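Residue numbers (the working numbering), protein chains in the order written: chain A, 1 to 102; chain B, 1 to 386.
Okay, structure first, notes after.
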Amino acid sequence: MDALSLRAKDNVATALRDLRAGEEISVGAEEQVIRIRVCEPIAFGHKLAIHAIPAGAPVLKYGEVIGRATRAIPAGYHAHVHNIESLRGRGDLAAKEQPHGV
Amino acid sequence: MEFKGYRRADGRVGTRNYVGVLSTVVCANEVADRIAREVRGTTAFLHHQGCCQMPMDVSRVTETLIGLGQNPNLAAVLLVSLGCESVPLDDLAQAIAASGKPVERVVIQDEGGAARSVAKGQLLAQQLVRDASAIGTSLCPASELVLGLKCGSSDTTQGLFATPVVGIVTDLLVAAGGTSVLGEVTEFIGAEHILAQHARTPEIGKQILDLVERMENRAKAMGCDMRGGQPTGGNIKGGLTTIEEKSLGAIAKAGTAPIEAVYEYGKRPGVKGLVVMDSPGREPEILTGLAAAGCNLIAFATGRGAPQGFPFVPVIKITGNKVTWDKLRDHMDLYVGTIMEGTETLPAAGRRVFTDLFAFASGQLTKAEISGYTDSMDIYVVGPVI
């Protein structure tokens, strides 16, 4: 097993070792194992998309929403702070909304 | 299962037998620290609060110091006060003494300065240690363990292995009649709906949601994205992307037991079983809050390798990250990367760590205690310094 996703509906998996661009890996997802090609280097502990995630779509890990894709993340690509935003603790969004009386 | 503990006058059980030298205010830290350095068997609690704060914070600091003084890991307490601080010394001393332990005090402005205070404090502390050293242990049941739960220096291995192990430990402890205290409310954000479902009643579930909303609003009031502060820069390097992801890993520490009650920071639980206590995620403040709540042992899951310990409560470090285990041997107590390596199942690792708790509770030293990395302490306040 090279990467682990925790629930069948997850669209990201966690790398269990450093993954190289171009290699085909096994991803454990509950009872089943899926095969996927890695498109860029993924460091141990970091996540990769295991299904294509459209821009604006929820990112799922533990079967729960961990954030939103800020741009499309094709399967096999690194999924992290450069393409996922948090939906919580966002004082920046609250500050933007305030002048409009929301 | 049983452990060798120190049964106190109020019936609670300590896993350690220190004389606590508690500074009542930031301005008395130097004297408290010097006394503790000179007298074997003592340990100092230092902090940055106790004066020039809003009344609710003065009362929170006082209550926290009372909770720390009453912690059963302290056989006796020496309070070190400057003399002009907001924390009311008489009330503090009386409340700690009500737990049945000896309480002495040194007031720097009354003694005539630091040198005289250190000298007097040393003599008082020596006598307290002499008396405390005569106290023996007895076999105590698991139900006397009050386990604080903490995770820190998180990475993605932590939520996969170390916190689920702590969750199993919590379940085993609760089944044995003990208590687990879950804090780090910041790290409920994005996962609070799951915890609320674990609440014993809908009212308790609502209290959990309210606690998270209050914490999140504090962060949002700053007008910026919390990311970088929570999750931290190190969390992000470890692969954690958002607070939601960090929280979903962190709450695995709670296991599957029902949440019996929700408490404010540093409050002693009035029930056994799994309880929630308000606190931020940063080590000094939460370790202090857990100690004030009466925890006599703390289980600390870590990914990248958090070294922090607390002056008088053993903090047990558990990691599932092989790199951290190999590199930070002088800080990590237990390894659970065996789950990823396929040599141990998650339930088996949980049972192993649960068994190890009793050794630490019986006096086996943690790496933090051995290395003296035990100064992670401060009191969580909500208002400004004024």
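The beta-carbon is built from N, C-alpha and C at its ideal position, and this holds for glycine as well.
Please read all numbers here as calculations on a predicted model, not as lab measurements.
The continuous alpha helix (DSSP H) containing B/G69 extends over residues 55–70. Neighbourhood of B/I318 in chain A, by CB distance below 9 Å: empty, with the nearest CB roughly 17 Å away.
At a cut-off of 8 Å between beta carbons, B/I189 contacts chain A.
For A/H51, the closest Cβ of chain B is not nearer than 8 Å. Take B/A44, set aside five residues on each side of it, and the residues of its chain with a beta-carbon closer than 6 Å to its own are V21, A32, D33, A36, in chain order.
Here the C-alpha atom of B/Q122 lies approximately 10 Å from the C-alpha atom of B/T42. For the region 144–186 of chain B, the full-length alpha helix (DSSP H) segments reaching 4 residues or more read 163–175 along the chain. Secondary structure of A/I73 (DSSP, three-state): strand. Counting every other CB atom within 10 Å of its CB across the protein chains shown gives B/I386 a total below 16, marking it as exposed. Where A/S5 is concerned, there is no enclosing alpha helix (DSSP H), although the beta strand (DSSP E) around it starts and stops at 3–5. Here the region 215–228 of chain B makes no contact with the region 313–331 of chain B; the two share fewer than three CB pairs at distances below 8 Å. Around the C-beta of A/M1, fewer than 16 other C-beta atoms lie within 10 Å, and the residue is accordingly described as exposed. Listed along chain B, the residues sitting closer than 8 Å to A/D92 by beta-carbon distance are G223, C224, D225. Look at the beta carbons and you see the region 282–297 of chain B not touching the region 233–243 of chain B: under three pairs across the two are nearer than 8 Å.
When C-beta distances to chain B are compared with 7 Å, the residues of the region 59–72 of chain A below that value are K61, Y62, E64, V65, I66, G67, in chain order.
For B/V315, the enclosing beta strand (DSSP E) begins and ends at 315–319.
Between the region 176–194 of chain B and the region 145–159 of chain B, the count of Cβ pairs shorter than 8 Å is three or higher; the stretches touch. Considered as a whole, the region 259–332 of chain B harbours 259–263, 273–277, 297–302, 315–319 as its complete beta strand (DSSP E) runs of no fewer than 3 residues, in chain order. Taking a C-beta distance under 8 Å as the contact criterion, B/I108 and B/A9 do not qualify as a contact pair.
Just so you know, the alpha carbons of B/Q230 and B/T242 end up roughly 8 Å apart. Close partners of B/L248 in chain A (Cβ separation under 8 Å): K61, Y62, E64, I66.
By the C-beta density criterion, A/T70 is exposed, having fewer than 16 other C-beta atoms within 10 angstroms. When rounded, the separation of the alpha-carbon atoms in A/K61 and B/I259 is 24 Å.
Counting along the chain, the unbroken beta strand (DSSP E) around B/A44 starts and ends at 42–45. Taking 8 Å as the threshold, the shortest C-beta distance from B/D155 to chain A falls below it. Taking 8 Å as the threshold, the shortest C-beta distance from B/A219 to chain A falls below it. In the DSSP annotation of this structure, B/S81 is not part of any alpha helix (DSSP H); the continuous beta strand (DSSP E) holding it starts and ends at 74–81. Residue pairing for B/Y335: DSSP places it in a beta bridge opposite B/T319. Using beta-carbon distances, B/Q230 counts as an interface residue toward chain A, with a partner under 8 Å.
Within chain A, the residues whose beta carbon sits less than 7 Å from that of B/T242 are I66, G67, I84, S86, listed in sequence order. Here B/L79 is buried, its C-beta having at least 16 other C-beta atoms within 10 Å. In this structure, the straight-line span from the alpha carbon of A/V65 to that of A/K9 is close to 11 Å.
One thing to note: B/A176 has its Cβ no nearer than 8 Å to the Cβ of B/L248. Shown here, B/R8 sits in coil according to DSSP, grouped into three states, outside any helix or strand. When the Cα atoms are used, A/F44 and A/H78 turn out to be separated by approximately 11 Å.
The continuous beta strand (DSSP E) containing A/E24 extends over residues 24–29.
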